[in-house]
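Offset between the sequence shown (1-based) and our numbering: plus 281.
Don't be surprised by glycine CBs; every beta carbon is placed ideally from N, CA and C.
All values reported here derive from a predicted model rather than from experimental measurement.
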Amino acid sequence: MANEDSSSSRFWNYPELRAYDIPYKAPPAISNPVFRGLPLKVGSSIVASVGPIATFLYGNAGFACLRGLKEVEGIDCRFDPTVIPIKREGVSGSLEHTFEANLRVGGKEGDSAVDTRLYGVTEYHEVYKSGRLTPMDVVNKLLPLIRRDVTPRSEHATSFISTQVELVLAAAEASTQRYAAGKSLGILDGIPIGVKDEVNVKGYSRCLGTTKTFNNGDVETSWCVKKWEESGAIIVGKTNMHEIGMDTTNLNVIWGTPLNPYNKGYFTGGSSGGSGYAVGAGLVPIALGLDGGGSIRIPSSYCGIFGLKTSHNRVSAFPTTCLTGTNTVIGPMAADMASLEIAYRVMATPDPTSLFPSPKRPARSTDRPRVIGIYKQWFDRADEPVKTLCNKAISYMQNQLGYEVVDITIPLIHQGQPAHALTILSEAVNGHPDPSFLTPATRVLISVGSKCPTSDFLQAQRVRNLLMQHLASLYKRYPGLLIVTPSTPTVGWKIKSPTDLIGGCSDGDMSIRSMEYVWLANFTGCPCMQVPVGYAEAEGGGGDVPVGMMAMGEWGSEDELIEWGYDGERCLNEIGRVRPPVWVDVLGVEEMGNSKTGNGAGVGGLAAV
Numbered sequence: 282m283a284n285e286d287s288s289s290s291r292f293w294n295y296p297e298l299r300a301y302d303i304p305y306k307a308p309p310a311i312s313n314p315v316f317r318g319l320p321l322k323v324g325s326s327i328v329a330s331v332g333p334i335a336t337f338l339y340g341n342a343g344f345a346c347l348r349g350l351k352e353v354e355g356i357d358c359r360f361d362p363t364v365i366p367i368k369r370e371g372v373s374g375s376l377e378h379t380f381e382a383n384l385r386v387g388g389k390e391g392d393s394a395v396d397t398r399l400y401g402v403t404e405y406h407e408v409y410k411s412g413r414l415t416p417m418d419v420v421n422k423l424l425p426l427i428r429r430d431v432t433p434r435s436e437h438a439t440s441f442i443s444t445q446v447e448l449v450l451a452a453a454e455a456s457t458q459r460y461a462a463g464k465s466l467g468i469l470d471g472i473p474i475g476v477k478d479e480v481n482v483k484g485y486s487r488c489l490g491t492t493k494t495f496n497n498g499d500v501e502t503s504w505c506v507k508k509w510e511e512s513g514a515i516i517v518g519k520t521n522m523h524e525i526g527m528d529t530t531n532l533n534v535i536w537g538t539p540l541n542p543y544n545k546g547y548f549t550g551g552s553s554g555g556s557g558y559a560v561g562a563g564l565v566p567i568a569l570g571l572d573g574g575g576s577i578r579i580p581s582s583y584c585g586i587f588g589l590k591t592s593h594n595r596v597s598a599f600p601t602t603c604l605t606g607t608n609t610v611i612g613p614m615a616a617d618m619a620s621l622e623i624a625y626r627v628m629a630t631p632d633p634t635s636l637f638p639s640p641k642r643p644a645r646s647t648d649r650p651r652v653i654g655i656y657k658q659w660f661d662r663a664d665e666p667v668k669t670l671c672n673k674a675i676s677y678m679q680n681q682l683g684y685e686v687v688d689i690t691i692p693l694i695h696q697g698q699p700a701h702a703l704t705i706l707s708e709a710v711n712g713h714p715d716p717s718f719l720t721p722a723t724r725v726l727i728s729v730g731s732k733c734p735t736s737d738f739l740q741a742q743r744v745r746n747l748l749m750q751h752l753a754s755l756y757k758r759y760p761g762l763l764i765v766t767p768s769t770p771t772v773g774w775k776i777k778s779p780t781d782l783i784g785g786c787s788d789g790d791m792s793i794r795s796m797e798y799v800w801l802a803n804f805t806g807c808p809c810m811q812v813p814v815g816y817a818e819a820e821g822g823g824g825d826v827p828v829g830m831m832a833m834g835e836w837g838s839e840d841e842l843i844e845w846g847y848d849g850e851r852c853l854n855e856i857g858r859v860r861p862p863v864w865v866d867v868l869g870v871e872e873m874g875n876s877k878t879g880n881g882a883g884v885g886g887l888a889a890v
C-alpha cells in the first residue's frame, strides 16, 4: 500500500509507487504448431494423455521465460489486482441528463459525417417516445432474425445461443404499455440487449459455449443484468461465445461461428464474439461482454464498435458465482458512446456487498487532463495499416482536441504477456479440472495450462506486482494519463480454411499476437476503452475490416475513459463511419421509405434531441 502521496487516501489497495528502469528487450521468436482438422482431434487426445508433450508445448509457448527473472527478485506476489477508489468527484443527475449532454459531447448533433452511424439508444428512445414504433414492434422484427428454432434460420441467429421468446415478449409488452401510459422507466426502457452466455439470467440455461449445461435457468439473474432489466431494457437472448472463453476468435464448432459482419472471411474476435456481431450488425445497440484477455475489446475492434473493459470487480455478477479468476471482468459493448456510457452507469451500480462507490456523471470540464502516453517500441509492433490509422487518430486528438502526447516506458512488457496467459490458463484449469467435455482446441489449451508449476505461477504474480507499481508511478507523474495502443496489432483475424469452422483450429501464435496489447489491463486490473478508428483492406478482399484503438487509465478511471471515448467517436465521425453489409435496419426506417435514413436527420428527423 502506497504512503508516499494522497493515493493511499483516495484508494483502497493501491499499489506502491515505484518506477522501474528496465531496458526494452524484444521478445524471442516463438513458433507454435497450428492444429486443425483430424490432426487437431488426434493431437488433442495425445496432448491430454501424454504429459511430456503438454509440458513441451508449455515451454515452447514461452511460459518458462519467467524462471530466473532477476528483475522480480525481492518483489512480493500480488494475487488480486482490485484497486477501489474511495471517493470520486461527480455530480448527481438523471441518466436522461447524461444522455442529452453526451449526444453533444460525442459529436452527433449537426454532424454531417455520421451518415452511416449504427442505431443507438438515441434512435430507439426517440422513436418510442414519438409513437412511430413500440418495443413490441421492434422485438417482433428482431426475434425471427435471432432465433435458432425457425425455418429458414437467419444468418444472424448464429450470434445468439438461446432466446426465451415468452420472456422477451412479456418484457416488450410491459415496456409498450408503459410508453402508452406515459410512464416510461427512462432511456433504457424498451432497448433490446444481448447478454453473453457466461453470465446468469433467470430463465436461461448457461453453457459457456460448450455442450455442458452449468445451470437450467433456475438461478437469480446476475446483478449487472438485473440493473438493466429494472431500467426497462429487454434481454432478447444469450449471445454466442468462444468455448469457456479460452481464445480470441469465437470459433465455436458446437454452436456455430458468427462471421465478421464486415467481411465473412474473417472472425468476429472473441470470446464475446456473439455480442460483437449482434451490436456490429445492428441487431441490438448494447450487449454485455466479459473480458479476461481482451474478450470485450478484441471483438469490439474487429466488429467496429465501442467496448469498455472495466476496473477489476467494478461491475458485479452478485449473487451468482459465474466469474472466476483474477483477470476477468464484465463490461458493455455498444453501437456508440452514448449507449455505452448509459449501459455502464446502470450496470455498474454497486451490489449490496461492493466497496465501490456509485458511478456518478462527472462534471464536464474543458480543462480536464488530456494526456496520452505512448510506449513507442511496444506500439510500433503493430502492422503498418493498424499503426497508420491509430497514429492518425492520435494526431487528431493532439491537434484538434488538445491532448498532450508523452513518451513512456513499461518494464517487462514481453514477459508480462506470458505471465498473464499462464495465470488465466491456470485459473481456467482450476475451474475445469476435467476437460473431457471440451472440444479438441480447448482441451489442448487446458492440457498445456495444467503443466504450470507453482513456482511459475508465483513468479507471474511478482511480475503483476511490478507492473502495477510502475503504472502507479506513471499515473502519479502524469495525472489523467491514458496509455494508448492499438486494440490489436493486426487487421482482424482471417479464417485460413473453411474447414476450421467445422473441425476447429488451434493457432497459438496468432492467439498470442492478437493479445499483444489487451492483456495488460486484465493483469493489472485497470479499466480500458476500445474505440473504432477506421477500416483497412482485408487480405484477399471481401470488404474492409475495422481497426480499433484503446486507452488504459488508472484504476477507477472509467469516467475519464468515457470522455476519451467521446473524443474517439468524434474522430471516427470525421473519418466517416461505415455500416457493414449485413447491417439490419431494426427500426425499419428504410421500409418506411424515409429518405432521411442514415443521415443527420436520424430516425424520423429525431437525431437532434
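*Starting from the Cα of D528, find the closest Cα among G761, G837, I705 and P304 and give me that residue.*
The residue labelled residue 528 in the question sits at position 247 within the sequence shown. Of G761, G837, I705 and P304, the residue nearest in Cα terms is I705.
*Just mark F548 as buried or exposed, buried being the case when its beta carbon has 16 or more other beta carbons within 10 Å.*
The sequence position of residue 548 within the sequence shown is 267, counting from 1. Per the 10 Å Cβ criterion, buried.
*Is the distance from the Cβ of V500 to the Cβ of T601 below 8 Å?*
If you number the sequence shown from 1, residue 500 lands on position 219. If you number the sequence shown from 1, residue 601 lands on position 320. A contact, by the Cβ cut-off of 8 Å.
*Separation of K508 from Q458, as counted between CA atoms*: Indexing the sequence shown from 1 puts residue 458 at position 177. Indexing the sequence shown from 1 puts residue 508 at position 227. For Q458 and K508, the distance between alpha carbons rounds to 20 Å.
_Please state whether the Cβ-Cβ distance between G606 and G573 is less than 8 Å._
Against the sequence shown, residue 606 aligns to sequence position 325. Against the sequence shown, residue 573 aligns to sequence position 292. Cβ distance < 8 Å, so G606 and G573 count as in contact.
*asked:* Taking its Cβ as the centre, do 16 or more other Cβ atoms sit within 10 Å of P650, making it buried, or is it exposed?
replied: Within the sequence shown, residue 650 is the residue found at index 369, counting from 1. Exposed.
*Work out the CA separation of C809 and E665 for me, nearest whole Å.*
The sequence position of residue 665 within the sequence shown is 384, counting from 1. The sequence position of residue 809 within the sequence shown is 528, counting from 1. Their backbone Cα atoms lie some 23 Å apart in a straight line.
*Since P473 contacts V560 with CB under 8 Å, what's their CB separation in whole angstroms?*
The residue labelled residue 473 in the question sits at position 192 within the sequence shown. The residue labelled residue 560 in the question sits at position 279 within the sequence shown. That belief does not hold up - the Cβ atoms of P473 and V560 are roughly 11 Å apart, past 8 Å.
*Per DSSP, which one or two residues make a beta bridge with Y816?*
Start at 1 with the first residue of the sequence shown, and residue 816 comes out as number 535. According to DSSP, which records beta bridges pairwise, Y816 is partnered with P827.
*Along the chain, which unbroken stretches of the alpha helix (DSSP H) at least 4 residues long are found entirely within the segment 540-606?*
554-561 and 578-583
_Which runs of the beta strand (DSSP E) at least 3 residues long sit entirely within the segment 747-794? Give them in chain order._
762-767 and 786-788
*Cβ shell of V814 (< 8 Å), same chain only, five flanking positions each side left out*: Taking the sequence shown and counting its residues from 1, the one referred to as residue 814 is at position 533. Answer for V814: L670, C671, K673, A674, V828, G829, M830, G849, C852, L853 and I856, listed in chain order.
*Can you have a look at N803 and say buried or exposed, based on whether 16 or more other CB atoms are within 10 angstroms of its CB?*
Indexing the sequence shown from 1 puts residue 803 at position 522. Buried.
_Touching by the beta-carbon criterion (3+ pairs, under 8 Å), the segment 488-498 and the segment 524-539_ = yes
*Which residues share a DSSP beta bridge with I727?*
Residue mapping note: residue 727 aligns to position 446 of the sequence shown, counting from 1. I727 pairs with nothing; no bridge assigned.
*So which of T630, N313 and I303 has the shortest CA-CA distance to S792?*
Position 511 of the sequence shown, counted from the start, is the residue given in the question as residue 792. Ranking T630, N313 and I303 by Cα distance to S792 puts N313 first.
*Could you check what DSSP says for F495 in three-state terms: helix, strand or coil?*
Looking up residue 495 in the sequence shown gives position 214. Coil.
*Consult DSSP for A616 and reduce its assignment to one of helix, strand or coil.*
Counting from one through the sequence shown, the residue named residue 616 turns up at place 335. It is coil, neither helix nor strand.
*Counting along the chain, where does the beta strand (DSSP E) carrying S443 start and finish?*
Residue mapping note: residue 443 aligns to position 162 of the sequence shown, counting from 1. F441 to S443 is the span of the beta strand (DSSP E), which, as asked, contains S443.
*Have a look at S754 and P296 and give me their C-alpha separation to the nearest angstrom.*
Stepping through the sequence shown from its first residue, residue 754 is reached at position 473. Stepping through the sequence shown from its first residue, residue 296 is reached at position 15. Rounded to whole angstroms, S754 to P296 spans 9 Å at the Cα level.
*Which residue comes first and which comes last in the alpha helix (DSSP H) that contains D848?*
Numbered from its first residue, the sequence shown carries residue 848 at position 567. D848 -> alpha helix (DSSP H) spans E839 to I856.
*For G761 and V826, believed in contact at Cβ under 8 Å, the rounded distance*: Translated into the one-based positions of the sequence shown, residue 826 becomes position 545. Translated into the one-based positions of the sequence shown, residue 761 becomes position 480. Contact flag wrong, Cβ pair sits at about 32 Å.
*asked:* What does the Cβ neighbour count give for D470, buried or exposed, with the cut at 16 atoms within 10 Å?
replied: On the sequence shown, residue 470 is found 189 positions in, with the first residue counted as 1. Result: buried.
*asked:* Using only the alpha-carbon positions, how far apart do V431 and N521 sit?
replied: Locating residue 431 in the sequence shown gives position 150, counting from the first residue. Locating residue 521 in the sequence shown gives position 240, counting from the first residue. Roughly 17 Å separates the two Cα atoms.
*Short check: CB of G513 to CB of G467, under 8 Å?*
To locate residue 513, count along the sequence shown from 1; it is residue 232. To locate residue 467, count along the sequence shown from 1; it is residue 186. The answer is yes: Cβ separation under 8 Å.
*Start and end of the beta strand (DSSP E) containing F316?*
For this step, residue 316 is matched to residue 35 along the sequence shown. Where F316 is concerned, the enclosing beta strand (DSSP E) stretches over V315 to R317.
*What separation, rounded to the nearest whole angstrom, lies between the Cα atoms of R359 and P308?*
The sequence position of residue 359 within the sequence shown is 78, counting from 1. The sequence position of residue 308 within the sequence shown is 27, counting from 1. Their backbone Cα atoms lie some 24 Å apart in a straight line.
*Would you call the segment 552-571 and the segment 585-596 in contact, with 3 or more CB pairs under 8 Å?*
yes
*Between the C-alpha atoms of N294 and D632, what's the straight-line distance to the nearest angstrom?*
As a position in the sequence shown, residue 294 is number 13, starting the count at 1. As a position in the sequence shown, residue 632 is number 351, starting the count at 1. Near 19 Å, if we compare the C-alpha coordinates of D632 and N294.
_Quick check on D688: does DSSP put it in helix, strand or coil?_
Mapped onto the sequence shown, residue 688 falls at position 407. Correct three-state label for D688: strand.
_C-beta atoms of V517 and S503 nearer than 8 Å_ = The count along the sequence shown starts at 1 and reaches residue 517 at position 236. The count along the sequence shown starts at 1 and reaches residue 503 at position 222. Against a cut-off of 8 Å, the Cβ pair of S503 and V517 comes out as no contact.
*Which runs of the beta strand (DSSP E) spanning at least 3 residues fall entirely within the segment 433-519, listed in chain order?*
441-443 and 473-477
*How long is the line joining the alpha carbons of N594 and V652, rounded to whole angstroms?*
Residue mapping note: residue 594 aligns to position 313 of the sequence shown, counting from 1. Residue mapping note: residue 652 aligns to position 371 of the sequence shown, counting from 1. Looking at the two C-alpha atoms, the distance is approximately 26 Å.
*With distances taken from CA atoms, which of G654, G563 and D715 is nearest V686?*
By one-based count along the sequence shown, residue 686 stands at place 405. Checking every option, the nearest Cα to that of V686 belongs to G654.
*P721 - DSSP class collapsed to helix/strand/coil*: Here the question's residue 721 lines up with position 440 in the sequence shown. The answer is helix: DSSP assigns P721 an H, G or I state.
*Can you give me the start and stop residues for the alpha helix (DSSP H) that G697 sits inside?*
As a first step, residue 697 must be located in the sequence shown, where it is residue number 416. First-last of the alpha helix (DSSP H) with G697: I694 to G712.
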